[in-house]
Amino acid sequence: MGKLLPKIISPEQGGFVQGRVISENILLAQELVDFIDKKTRRGNVILKLDMTKTFDRISWQFLYAILKQFGFSDNWITLVASSLETCWYSVLLNGFQLVFSILLGGEAR
């Protein structure tokens, strides 16, 4: 899966892909602010979109269709679906258990 992620996750996303660091995006944002703050520049705009509700708007069927197109098995897609569409699931990462609460798409948070 590590080889597949860089192909399906945009180069602009800094997290969850080996060799990318999310802090690079923070540094890039700071550089943009510094650049736009220079008196010699005119007519520039920095726009930050609020993505907090994106997870609620994901079309699960579209996601599953994309996974199918990339060659994931039906068993894998079913596992992903059951993980995403349930209220609770846990992940074991380097021996530490992380528990996440996820609401179904479209529900108020």
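If you count by the numbering used here, then the sequence shown holds residues 11 to 119, one letter each, in order.
Note that the Cβ used here is the ideal one computed from N, Cα and C, for glycine as well.
Smallest Cα separation from residue 11: which of 77, 41, 36 and 23? Position 1 of the sequence shown, counted from the first residue, corresponds to residue 11. Nearest of 77, 41, 36 and 23 to residue 11, Cα basis: 77.
Taking the alpha-carbon positions, what's the residue 33 to residue 85 distance? Mapped onto the sequence shown, residue 33 falls at position 23. Mapped onto the sequence shown, residue 85 falls at position 75. Between residue 33 and residue 85, the C-alpha separation is close to 35 Å.
Beta-carbon within less than 6 Å of residue 25's beta-carbon, same chain only, minus the 5 sequence neighbours each way: which residues are those? Within the sequence shown, the letter at position 15 stands for residue 25. These residues qualify, in order along the chain: 32.
Give me the Cα-Cα distance between residue 22 and residue 46, rounded to the nearest whole angstrom. If you number the sequence shown from 1, residue 22 lands on position 12. If you number the sequence shown from 1, residue 46 lands on position 36. Each residue's Cα considered, the two are about 20 Å apart.
How is the alpha helix (DSSP H) around residue 33 delimited, first residue to last? Position 23 of the sequence shown holds residue 33. Unbroken alpha helix (DSSP H) run through residue 33: 33-47.
Return yes when the Cβ of residue 80 is within less than 8 Å of the Cβ of residue 15, no when it is not. If you number the sequence shown from 1, residue 15 lands on position 5. If you number the sequence shown from 1, residue 80 lands on position 70. No, they are not a contact pair.
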